[in-house]
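Quick note on the numbering used here: the sequence shown kicks off at 79 and runs consecutively.
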Amino acid sequence: MKLQVFEMERWQSTWENRVEYNLSESGVHPITVGELLGGGDVEFLGRSLGYVQTNGSEELRREIAAIYPKATVGNVLVTNGSSEANFVAVWSFLERDAEIAVMLPNYMQIWGLAKTFQARVKPFRLNETHGEWKLDIPSLKRAVGRRTRLIAVCNPNNPTGAVMREETVDEICEIARKVDAWIISDEVYQGAELDGVTTPTFWGRYKKVIVVNGLSKAYGLPGLRIGWIATTRDLAQKLWSYHDYTTICPTALSDYLARKALKPEMRAKILARTRKILQANLPIVKDWVEQHRDNFSFVPPKAGAIAYLKYKLKINSSRF
Numbered sequence: 079m080k081l082q083v084f085e086m087e088r089w090q091s092t093w094e095n096r097v098e099y100n101l102s103e104s105g106v107h108p109i110t111v112g113e114l115l116g117g118g119d120v121e122f123l124g125r126s127l128g129y130v131q132t133n134g135s136e137e138l139r140r141e142i143a144a145i146y147p148k149a150t151v152g153n154v155l156v157t158n159g160s161s162e163a164n165f166v167a168v169w170s171f172l173e174r175d176a177e178i179a180v181m182l183p184n185y186m187q188i189w190g191l192a193k194t195f196q197a198r199v200k201p202f203r204l205n206e207t208h209g210e211w212k213l214d215i216p217s218l219k220r221a222v223g224r225r226t227r228l229i230a231v232c233n234p235n236n237p238t239g240a241v242m243r244e245e246t247v248d249e250i251c252e253i254a255r256k257v258d259a260w261i262i263s264d265e266v267y268q269g270a271e272l273d274g275v276t277t278p279t280f281w282g283r284y285k286k287v288i289v290v291n292g293l294s295k296a297y298g299l300p301g302l303r304i305g306w307i308a309t310t311r312d313l314a315q316k317l318w319s320y321h322d323y324t325t326i327c328p329t330a331l332s333d334y335l336a337r338k339a340l341k342p343e344m345r346a347k348i349l350a351r352t353r354k355i356l357q358a359n360l361p362i363v364k365d366w367v368e369q370h371r372d373n374f375s376f377v378p379p380k381a382g383a384i385a386y387l388k389y390k391l392k393i394n395s396s397r398f
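Here it is as structure tokens:
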């Protein structure tokens with residue numbers, strides 16, 4: 079097996095803590111432990127640093143399940159970040175010559191994993207059209223066939239900040255249904271919408287859906303390394319077995335703090351903080367792009383702390 083190098087992740091990890099201005103950060107400024115706990119917390123200081131249940135504590139899975147209508151703790155698997163959630167989900171589906179359809183542009187983890195496992199990757203695209211990023215449905219239909227095992231989407235999208243409309247989400251589900259394929263939906267930016275309108279989830283729209291989410295992006299808690307999968311009870315149980323071969327379980331402190339973050343009142347407070355930061359900072363980016371419009375342009379993101387800028391300079395993007 080030849081590992082597909084995750085070049086973007088390695089480049090960012092190497093430099094992000096060495097620079098004064100990080101233009102590649104993909105989330106909002108992190109929350110401190112003090113902000114999350116609201117001062118003293120004797121229970122936190124008394125936590126045992128042993129193992130927690132390997133699929134996440136029942137208390138944490140209950141808080142996560144509450145986000146998804148009719149979900150129960152049996153539908154949830156807690157992972158170390160949404161990246162591990164993506165990994166165990168994709169790992170369970172991919173083998174040599176399996177087919178997977180992947181949305182582009184995207185965070186390239188699933189693409190790289192599929193290549194590493196020697197699966198056949200078929201791209202479908204978001205296109206910039208009339209000042210908006212929209213899914214190219216014909217390209218999705220070309221990418222999906224009777225051998226397709228998995229359709230990978232990211233909504234809200236990384237890196238464009240685009241949000242798919244509900245009718246588009248339903249159309250993707252219908253295309254998957256026709257070939258009996260699974261959908262893996264990375265929804266890690268859900269809750270970071272600038273207009274405050276929650277992005278439609280794939281959960282509950284189709285029986286073969288894997289929703290991936292976590293606390294790194296919209297919640298500003300990347301240091302907790304808490305992610306999750308919400309899916310059918312049978313698949314959640316199966317993926318738990320894959321998780322046993324990776325990091326075993328989340329840390330006891332992360333599991334505890336994640337429960338605090340996902341309590342309804344605190345969750346609403348955290349997401350309001352995120353939107354406030356985005357609403358304050360996006361105009362700064364817009365002003366900068368306008369001042370340099372001879373060389374740069376972009377479609378303002380609808381969600382998330384990232385934007386996909388286009389430039390007109392005659393230089394390769396990696397060199398630039």
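Note that the Cβ used here is the ideal one computed from N, Cα and C, for glycine as well.
Return the Cβ separation of residue i and residue j in integer angstroms, given the expectation that the two are a contact with Cβ distance under 8 Å.
| i | j | result |
| --- | --- | --- |
| A192 | I229 | Rounded, the Cβ-Cβ distance is 12 Å, inconsistent with contact. |
| S160 | L317 | Between L317 and S160 the Cβ distance is about 13 Å, and since that is not below 8 Å, they are no contact. |
| M181 | C232 | 6 Å |
| R220 | A176 | Contact doesn't hold; Cβ gap of about 18 Å is too wide. |
| S104 | K388 | Not quite, the Cβ-Cβ distance comes to about 18 Å (not below 8 Å), so this is no contact. |
| L155 | I304 | That pair is no contact at about 12 Å. |
| V241 | F280 | 13 Å between Cβ atoms; not a contact. |
| I348 | G301 | Not really, about 14 Å apart at Cβ, beyond 8 Å. |
| V289 | V266 | Not a contact, Cβ separation roughly 10 Å. |
| L340 | E141 | 4 Å |
| I262 | I250 | In fact, because the Cβ distance is near 11 Å, the residues do not count as touching under 8 Å. |
Can you tell which of the options has the C-alpha that lies nearest to the C-alpha of residue i?
| i | options | result |
| --- | --- | --- |
| A385 | N95, L155 and V377 | V377 |
| G152 | K392, A314 and A381 | A314 |
| L356 | L340, K390 and G274 | G274 |
| E271 | D248, R397, P234 and S294 | P234 |
| I253 | A167, A179, Q131 and S396 | A179 |
| F122 | L335, V106, R203 and F84 | L335 |
| G239 | T277, R224, R225 and V222 | T277 |
| K338 | T132, V241 and D119 | D119 |
| L293 | Q82, H370 and G269 | G269 |
| P379 | R371, K364 and D372 | K364 |
| C327 | S375, W281 and Q131 | Q131 |
| E244 | S126, G282 and R225 | G282 |
| F374 | G382, P361, A383 and K390 | K390 |
| K354 | L331, H370, L340 and G382 | G382 |
| E137 | G128, L127, T150 and Y146 | T150 |
| N184 | K285, L204, S319 and F195 | L204 |
| G223 | E249, E210 and K256 | K256 |
| V166 | Y323, N359, A197 and V97 | Y323 |
| K80 | N164, L127 and Q196 | Q196 |
| D148 | V367, Y320 and K285 | Position check: residue 148 holds Lys in this sequence, whereas Asp was assumed. The shortest Cα separation from K148 among V367, Y320 and K285 belongs to K285. |
| Q82 | S126, R345 and W189 | W189 |
| T110 | E343, I362 and S332 | S332 |
| D214 | R88, F202 and T310 | F202 |
| G124 | K392, I362 and A330 | A330 |
| T194 | E343, V168 and G116 | V168 |
What three-state label does DSSP hand residue i in the structure shown?
| i | result |
| --- | --- |
| F122 | helix |
| R351 | helix |
| A339 | helix |
| T226 | strand |
| C232 | strand |
| E271 | strand |
| Y320 | helix |
| S263 | strand |
| T157 | strand |
| L81 | coil |
| A149 | coil |
| I326 | coil |
| T279 | coil |
| G292 | strand |
| I393 | coil |
| L213 | strand |
| A144 | coil |
| S104 | coil |
| S135 | coil |
| M242 | coil |
| Q357 | helix |
| F195 | coil |
| M186 | coil |
| I109 | coil |
| G117 | coil |
| V247 | helix |
| G301 | helix |
| F398 | coil |
| L58 | Past the edges of the chain, shown from 79 to 398, lies residue 58, and the structure says nothing about it. |
| V367 | helix |
| V130 | coil |
| Y99 | coil |
Going by DSSP, which residues form a beta bridge with residue i?
| i | result |
| --- | --- |
| F202 | M181 |
| V287 | I261 |
| F376 | L387 |
| E94 | The partner list for E94 (beta bridge, DSSP) is empty, contrary to what the question assumes. |
| A308 | V154 and V289 |
| T207 | E210 |
| A381 | E271 |
If you measure from the CB of residue i, is any heavy atom of the ligand NAP nearer than 8 Å?
| i | result |
| --- | --- |
| V363 | The ligand NAP is not part of the structure shown, which contains no ligands of any sort. |
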